[in-house]
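Chains as they are written, first to last, in the working numbering: chain C, 3 to 267; chain E, 164 to 463; chain U, 11 to 360; chain X, 11 to 360; chain F, 36 to 390.
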Amino acid sequence: MIGHRFGRLLIGLVSVVVLAGLLWPLVYALWISFTPLEILQPPHAEWSLRWYREFFTQNRWLEGLRNSLVVGAIATGVSVICGTSVAVAVVRYRFRGSRLLHGAVMLPLFIPALILGMALLPMMRTIGLWGSPFAVALAHSLWGLPLVFLAVRTALQDTDIHMEQAARGLGASAGQTFRLVTLPIIAPAVAVGAMMAFIISLNELVMALFLCTTNNDTLPKVIWPNLRYTLSPLVAAASGVTVLATFLLLGGAAFLQSRYTRNTS
Amino acid sequence: MSKRQRLTPWFWAAPSLILLLGLLLWPALQLIRLSLCEGGGGQSGFGIGGSFYKPGTWTLAVYGGLGADRYFWDILGFTVWLGLVVTLVCILLAYPTAHFIWQLPGKRKAVALGAVIVTKLSSLLVTIYGLKLILGDYGPVNQFLQWTGLTHRPLMLHDSAAGVVIGETLLVIPYTILLLWAGLERVDRTLLAAARGLGAGPLRAFTNVTLPLSLPALATATLVSLIWALGAFISPYLLGSPQEITLAVDVQRQMFENLNWPRGAAEGVGMLVTISILATLYAIPHRWLIQHSGVKEGLA
Amino acid sequence: MASVRLENLKCSFSGVPQAVDDVSLELFSGELFCLLGPSGCGKSTLLRLIGGYLAPEAGRVWIGDADVTAQPPELRNTGMVFQNYALFPHLNALENVAFGLKVKGVRKSERIAKAEEMLDWVGLTADERRRRPSQLSGGQQQRVALARALAFGPNLLMLDEPFANLDRLLRERLREELKQVQRRSQTTTILVTHDREEALALGDRIGVMHRGRLLQVGSPEEVYRSPASSTVADFLGHRNLFEITKVEPDRIEAAGAILPKPSGAIVPRDHLLLWPNQLKLHRERGTERFEGTVTQSQFAGTHLVLTVTLRSGATLEAWRELGQDSLASGDTVWVEIPAAAVSVVKQADE
Amino acid sequence: MASVRLENLKCSFSGVPQAVDDVSLELFSGELFCLLGPSGCGKSTLLRLIGGYLAPEAGRVWIGDADVTAQPPELRNTGMVFQNYALFPHLNALENVAFGLKVKGVRKSERIAKAEEMLDWVGLTADERRRRPSQLSGGQQQRVALARALAFGPNLLMLDEPFANLDRLLRERLREELKQVQRRSQTTTILVTHDREEALALGDRIGVMHRGRLLQVGSPEEVYRSPASSTVADFLGHRNLFEITKVEPDRIEAAGAILPKPSGAIVPRDHLLLWPNQLKLHRERGTERFEGTVTQSQFAGTHLVLTVTLRSGATLEAWRELGQDSLASGDTVWVEIPAAAVSVVKQADE
Amino acid sequence: GQKSASTSTGGGGTKPFAGQTLRVFVYSGAWEKGFNQYFVPKFEAATGAKVVVDPGWWDSIPKLKASPKGQPAFDLVLTDATQGYPAIREGLFQKIDMSKIPNKANFAASALDNWVVKEDYGITFPDSVMTLGYNKTMVSSEPTSWGDLLKDEYNGKLGMYNSFYMSLYTFAAAKVAQAGAPGTAHKEVADNLQGVIDFAKANRDRVKIWWPTSTDMALSLTQKNCALGNMHGTDMIPALKNSTDLGAAVPAEDRAFVLLMWVVATGTKVPDLAQEAINMLLSDEVQTGFAAAGGATAIPAVAAKMAQQDKFWGQIYPSTAEDLAAVQYYPYDTYMSHWDDLVKVWDREILRKSA
Ligand SMILES: Nc1ncnc2c1ncn2[C@@H]1O[C@H](COP(=O)(O)OP(=O)(O)OP(=O)(O)O)[C@@H](O)[C@H]1O
Ligand SMILES: Nc1ncnc2c1ncn2[C@@H]1O[C@H](COP(=O)(O)OP(=O)(O)OP(=O)(O)O)[C@@H](O)[C@H]1O
Ligand SMILES: [Mg+2]
Ligand SMILES: [Mg+2]
C-alpha cells in the first residue's frame, strides 16, 4: 500500500516536473514579451504591451501568422490523407513492395531540410507552384507524412479486425468501412499525427526559407532571419499571439465538432 | 487473388506515392548528384576559395575526403550519441508523463495535453532562448542548484553537451508524450481490472499488462524520437558549443559558411545513411516489441 | 473459505439510477450461490462491486471478517470470470492462466504445472494453450478464462456466465467438476447464469435479481417450486401462470377455469401456477376437464411441449411423452388439472 | 431467398491443419439450418468462410446462382452476428443497428425507424439504445448484434450463438420470433448453437460438426433419434451409450447386460443407445431387470435425473417423475430396459 | 500593384520606370526595417516602379543558384564578401554601369577600394564594425584594447564569434596588441597568417562561448555567461541602449568592418532600375536614414551629423573624415586565397579542442 502510494507520487512528481519543464521556457518567453526593453530581457518594474502593438501594426508579422496557419492547415491535410491511407495499405494488406513503401515513407525524415528546400525550389518553379502556399505546404507534408503514418500504423495494428469485418458484412465497401468504422476508432491517433504535422509545419524554417516568397512568408521565415541580428522581444510577442491564435482555432474546431456530434446523435 | 485485390493496397498508397515520387525523388537524386561534384575550393580558378561546386563534374573525392576525416567521424559520433541519449531521456521521462496524463480524468487530461501541445505552438526560437535564460550561469536553475548546495559554482548548462541534451529533449519530448499517450489510450482498462483481480498490485498490473500492451506505441515513440533527435539542428546550433556539432548543423555550415556544397551534400548523404541504418537496426527490437504486445494479425 | 456479506449495496450509472439497488446478501462459507435474472438486471454489476472493480455508492462489502469496501481488487483474493473474458491479448492461454500465480510469486515450474493442470481440466490441447486469445475459438477463450479464475486459488470465485459459449457436453462435465472442485476446496462461489437448469442443478442456493434488486433467495427447490412473486415465477420460465380472478370459500377462478381452492390464504391478484408435466390431456370430454385446442406442438428431445388454447382464451403449456399417441396442431383436447398440478404464487409488492 | 452451396471447403490455421476440413453442404432457400458441434470444432470458422471474412484454401462458396468465393463480404449480402458481437465501439446501439441501412443509402428517418423497430423487438429501452456498447450489459450487447444483423434485410443470416448471453425467457421469446420473422421473410439462416434443445426446436435441419468435418446433416428428429455415429450421439448428450461387445443371433451384450437383439444388422463396435425417460426403475428384483445402485440424484425441474451404476460397472442415466416415491443415493434399484428404450447407433468410420 | 500605379499616375505619368518591379534581397531585421522605411517609398515615388522586398538570411545565393537561367529570384541583392566574392566569380552577378551611379562620389574612397568596385560588379560599403563588448560588472576595469582579451582574469570568460572572418582577425589584433604593435593586424594576417593561426590555437582555451549569432552574444553578455568578447557593432547598439550593465569599445587600432555590397543579379530584366536603386541607396538622404536605424555610413557628412545626434553611434562608427578614410574591411582577400586551409584549421583545431 505504501509502495503503491509512493509509486503514484513518484509518477506524479516526474510528470509534473516534465510538464513544468516543458512549459517553463514558454512562460518565461511570454513574460519577456511584456518587456518595455528592446532586448530579450524579462520586464522588471514595468510591463508593456509595446511588442504586441508592434506585432499588430506590422503587416509582415500578421501576414506571416496568417500564412503559417494556412500552410500548416494544408500541410496537415495532405499529411493526414497520405499518411493515414498509406498506413492502411501497409497494415491491412500483404503485398509485394510493402516494405519498400514503408521505407520510402520514412525517407523524408532522413534528409536534411536544407537539401529538401534547395532541391525543391527549382522544381516548384517549374511546376508553377512557387509563390503559392502549396509549395511550402507540400514540402512540409513530406515530414508530416511519416509522422502521421507512424502514429496511425500503431493504432491500426491493434484495432480489432472484427469490427471492420462486421462493417463489410453489413454491406459497407472498403471505403465506407474505413470512413465510418476504422477512422472513428483510430481517431485519437490520427489527431495526434495531425497535431504533429501541424506543429512541424508551424515551426519549420529551412524549407520555408527557400520555398516562401514575400507574399506568403510563414512566421518562422519572418522571425528567423532576425536571429542574425539582435533578436527583439517581438519574437516573444509573436509566440504569444501564435499560441493564442492556434488555440482559438483548435478550440473553435473542437467546439463545432462537439456541437456537430451532439446534433447528429 | 484477383487483380483488383492485388491493386487495392496500391490504391491506398497512391496519395503518398504521388507525394513521394513527385517531391522526394528529385531532391534525393539531387543530393546524391551534388555530392559527386568537384568542389570549388582553392582550385576554383577564380583565385579565391569557397566557390560552391563545379557543375558537370563527377568525382568520389568528397567521399574519400570524408572517410579519412576524423572531424567528420567525430561529428557523426556525436550525432549518434546525441540521438541515443535524447531518445533514452525522452522515453524515460515521457512514459511516466503519458501514463499520468492517461490516468487523469477528462477535463484535466485535456488541460495536460494542451500544455504539451502549447509548448510546440510557440516559436522554436522563443523556446530555445527562454531555455537559454533559464540555464544561464546566473539563471534560476543554477541558482537553485547552488541554493540546495548540490554545487558551489555555476554548472555549464548552456553552450555545452548538457544544454544540447536538455534543449533537444525539450523539443522532442512532446512528440514522445503524444505518441505514448495515444498508445495508452488504446489499452483496454478492463484488462487492468482483470489483472488486479488476479492479485496483481498496481505495479505488477503495470509491468505485466499496461507495459506490454503499450509496446507498439513505445516502439513508435522511440523511433520517432530517435529520428527526430538524429536530425537535431537547432538545439546544438544555439545551445551547444563547437564541440557539439551535429551532422545537420555541419551540413549547413559546410554549405553556407564554408561554401563547400559537395561536402555539405555528402554529409547529407551520410546523415541519410546513418539514420537509415539506425532505423533499420531498430527494426529488430521494434519487431520484438510488436510481437510481445498482442497486436492482432492483419487481414490475410 | 470465506463468507461474504453485502450490506445495502447501491450503484448507479448515468442514465441507470438503480443498476444495483439496495442489495443485502449473506453468502455462507463454501457455498455455491447461483445468481439468476433477466438481461441487464445488474448481475455483472453486482459481481464487479464484490470484486472491487467498481466502488459502490452506498453499502458495504465484507469478505470473511474484513470490511473490504475500500480495498482494491488485488487485496480481495477473488477469482472472476468476466462475461467478456478479459483475457490478456499479449499472453498465450498458458500464460494467461499462470498470471495469477505469477504475481503471487509462485515459482515458474510450479505455476506452469498448475496452469497445465487447469488447462487439462478445461480440455485445451497442448497446441491450443500456446495460442493467443485472438487465435482461439469463443468457447476455448471462455475455458481459458475459467481456468485462470480458478488457478490461483481464490477465496471467493465469481463466475459470470462461465459456460455460455460451451457446448452442452463440455458444459455439463465442467459444471459437474466445478461443483466437485468447489466442494473439495470449499471455495465460496457465485455463479451468474441464464440457464435455469444449471442454477437448479448446481446451486446450494439461488438468488433472483430483477431491475437491480434481489427478489428472492433460497434453495433451488424452494425458489423453483414456491416462487416469491409472479415476476420470479415468470422469470423461472413458468409458462402456466394465471392471475386468480375470483376467490370463493372452496373454489377459485383463474384463466377462465373454476378449480377447487388449494389450501392456504388466497386473495385475488395472487397467481396460480400449473405444472405442465402434471397436466393430463385427454381426447375425450370428462368432468373437471377443460376444452381447448392444440395450437402448437414442439419436440423437446424427451417429450413434446404442447401449447393448448382454452376456450377462455388462456394459453396453457402441457408436456406429453413421446410414446403416447400424438396430438397435432388443431386437435381438440380436454385438459385435466389434478391438485398436484396446482401451486399458488403470492403477489409480493415490488 | 438465397440457397447456399458449399463445395469441399477447406481452411487451416498455423497449428490447426483442419479448422474446416472438406465441408460440402447445401442450404435450401428459406431454410433455418442449425449448426452444432463441440467447442473449437470449426463452426465460427465455417461461418467466416461463408461470409467472406476468411478466404478458403480450397473449395467454393455459392450463394444463389453466383460463385462468391472470390467476392468481398459486402457483395454477399449476409447478416452476421459475431460470437464476440463486434459492435462498433464509437456508435451507440441505435447507430450500430442503423449502420447496414446507412451504407445502403437508406434515408435517415427511414433507417432510424427501422432500427428503432428492431431494437423494440429485442427489447432495448429507449435509454439503452442511446448508449455505447461499453455501457451495455453482455446480454444487451448481444441483442444489439442480433438487431444489427437483421435490420438491413440480408439474403443470408448467420448467427453465431446469438442467444448465449440471454436469459431463458428472452431467449425463448426471441428464438420464437426469429423463427417467425425468418419464415415470413424466407431468409436462409444458419444458426450456430450449443443448446441442443434450441437446435431441435428451431432447426429445419441440423448439422453436427466435429474437428472441422460435418458428420451428419438431417432433420432434428432424425439426428436426435438416429445419430449417424457414436460421436454424434455423444455430442447430442446421449449419456446411455454403450459399445456392443457381443452379438448373438437373438441377443446382444452391452454394458454387461444381455438384451434381446433389436432388428437390423448389428456388428460389434456398434453402439447401443438407451433412452433415459423410457427406462423403468424398480425397487424389486424381477426378470430382465438389472441390479444397480443409485449414485446420484439431480433435480431437473420437472423430473429427477438418477445416475445408476450397474453391477457390471456401467453407468446409466434414468429419469424419474417427481410424483413417484423418491429414490436416494445409495438405494439399490432394478432397471428394466423395455424394447422402446433401445436404439442402435452404427459405427461410421470417421 | 494598384497603389504604386496610382502613385505613378499621380506623379504626372512621366516616370521612367512606371510599371516595372524591382525584387530586392536584404537582410531581415534592422536592414529590412530601414530599407522599407527610408528607401522603398522614396524610390517608388521617384521612379513609379514597385519594390518587392524579400528579406532573408544566408539564403540569397542558394536561391539565385537554384533559379532557372534568365529568371533570377531577385534583381538587386545585398550580400557580404564571404558569399558575394565567390558568387560574383560564379557569374551570379553582372557588371553594372558605374556612370549611372553618380552618388558613388559621396562615399569615402576607402569604402570603395575593392576589386568588386574596380571590376564594376557593384558598390561596397562598410557595415558592422568589430566591437569589443563587455559586461561592466564582470570586468575590473573597462577594456580598451584587443590586447585586454588576453588578461588572465578573463581566461575562460571570453565570448567569440564562431565565424573566422571576424574572430581570426580578433586574434590577430590581440596578437599584435600583445606584441606592442597595435594597428598592424591587417599586415599580420597578410604576412604571417600561420603565426596568427598558431596564436589562435594557443589561446583558444580562453574562450568560453563561441557565439553563433549576435542575439546569442548579447544574451550571454547580459546574462553574465561571459565577460567580454568580440561583437557586431550594429547589434551591440540596441544591447547597449537597453542594458546599463553593458559596455562597448571600438579600439581605434585595427578597426575592421564587415564588407557589404549591392550587386545586380545576372539575367535581371530590370538592370537599369537596379542601377537607379543603387544610386539612390547612396544618396545622403537614404544614408542618413540607414544610419539612424543603426547602420554605418561611408558618407562623411552624414556620419558627422549622426555622431552628434547619437553618442552610442559615435562611439562605434567612424564619423570624422580621417576615421572614414582609414576604414578597413576584414582581410577578406587573404581569407579567400587561403579559404580551404583556413576553414579546415578553424573548424578542427580552433573551434574544437584538438584531440
Ligand atoms: N486465428 C486463428 N489462429 C489459429 N487458430 C485458430 C484461429 N481461429 C480459430 N482457430 C482454431 O480453429 C479451430 C476452430 O475454431 P472456431 O472458432 O471455428 O471454433 P468454434 O467451432 O466456433 O468453437 P466455439 O464453439 O468454441 O466458438 C479452433 O481449434 C481454434 O483454436
Ligand atoms: N458503464 C455503464 N454505463 C451505463 N450503464 C451501464 C454501464 N454498465 C452497465 N450499465 C447498465 O446497467 C444495467 C446492469 O448491467 P449489468 O451488466 O450488471 O447487467 P447484467 O445483469 O449482467 O446483464 P446481462 O445478463 O445482459 O449480462 C444495464 O441496464 C446496463 O445497461
Ligand atoms: Mg452481465
Ligand atoms: Mg465459435
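For every residue, glycine included, the Cβ atom is placed at its ideal position computed from N, Cα and C.
- When DSSP states are grouped into helix, strand and coil, ARG261/X belongs to the strand group.
- In chain order, the residues positioned with their C-beta nearer than 6 Å to some heavy atom of ligand 3 are LYS53/U, SER54/U, GLN93/U, ASP170/U, SER147/X and GLY148/X.
- At least one CB atom of chain E sits nearer than 8 Å to the CB of PRO82/U.
- Relative to ligand 1, the nearest heavy atom lies less than 7 Å away from the CB of GLY50/X.
- Listed along chain C are ALA168 and GLY171, each with a C-beta nearer than 8 Å to that of MET90/X.
- Secondary structure remark: continuous beta strand (DSSP E) runs of at least 3 residues inside the segment 243 to 291 of chain X, in chain order: 251 to 257, 261 to 264, 267 to 270 and 281 to 284.
- DSSP places LEU122/C in the helix class (H, G or I) of the three-state scheme.
- Secondary-structure assignment with DSSP links THR199/X through a beta bridge to LEU42/X and LEU167/X.
- In summary, LEU152/C is buried, with 16 or more beta-carbon neighbours lying within 10 Å of its beta-carbon over all protein chains present.
- Note that the C-beta distance between ARG299/X and GLU231/X is not below 8 Å.
- Within its own chain, the residues whose Cβ lies closer than 7 Å to the Cβ of VAL248/E, once the five positions on either side in sequence are excluded, are VAL328, listed in chain order.
- Between TYR169/F and LEU99/F, the C-beta gap is not smaller than 8 Å, which leaves the two residues out of contact.
- Contact check for VAL362/F against ALA65/F fails: the beta carbons are separated by 8 Å or more.
- When secondary structure is reduced to three states using DSSP, HIS315/E falls in the coil class, being assigned neither helix nor strand.
- Ligand 2 never approaches GLY296/U closely enough for any of its heavy atoms to be under 7 Å from the residue's Cβ.
- One alpha carbon belongs to MET371/F, the other to ASN421/E, and they sit about 11 Å apart.
- ARG141/U reaches chain X at GLY25, counting residues in chain order whose Cβ is nearer than 8 Å.
- Listed in chain order, the positions of the segment 220 to 240 of chain C with a beta carbon within less than 8 Å of a beta carbon of chain X would be empty, since no residue qualifies.
- Residue-level contact check: LYS100/F touches chain E, since one or more beta carbons of chain E fall below 8 Å from its beta carbon.
- Below the 7 Å Cβ cutoff, chain F contributes ARG387 and LYS388 as neighbours of GLN406/E, in chain order.
- Within 9 Å of the CB of GLN308/U, the CB atoms of chain X belong to LEU210 and ALA211, in sequence order along the chain.
- Rounded to the nearest whole angstrom, the CA to CA distance from LEU224/X to LEU283/U is 43 Å.
- Three or more Cβ pairs drawn from the segment 209 to 225 of chain F and the segment 178 to 195 of chain F lie within less than 8 Å of each other, which places the two stretches in contact.
- It is roughly 37 Å from the alpha-carbon of LEU316/F to the alpha-carbon of ARG426/E.
- Taken from the Cβ of VAL26/X, at least one heavy atom of ligand 1 lies inside 7 Å.
- Check the Cα spacing between GLN106/F and each of GLU40/C, LEU123/C and ARG96/C: the tightest is with LEU123/C.
- Using a CB distance cut-off of 8 Å, GLN454/E does not count as an interface residue toward chain C.
- In this structure, ARG141/U has its CB closer than 7 Å to one or more heavy atoms of ligand 1.
- Beta bridge pairing from DSSP links HIS267/F with MET165/F.
- Cα atoms of LEU347/E and LEU21/C: separation of roughly 18 Å, rounded to the nearest angstrom.
- Here DSSP, grouped into helix, strand and coil, assigns ILE41/C to coil.
- By the neighbour-count definition (other C-beta atoms within 10 Å, threshold 16), GLY312/E is an exposed residue.
- A contact between stretches requires three or more CB pairs, one per stretch, nearer than 8 Å, and the segment 392 to 407 of chain E fails this requirement with the segment 17 to 31 of chain U.
- Spanning the alpha carbons of ALA103/X and GLU138/X requires a straight line of approximately 7 Å.
- DSSP lists VAL318/U as the bridge partner or partners of VAL304/U.
- Put simply, the CB of ASN175/X is near chain U, with a gap under 8 Å to one of its CB atoms.
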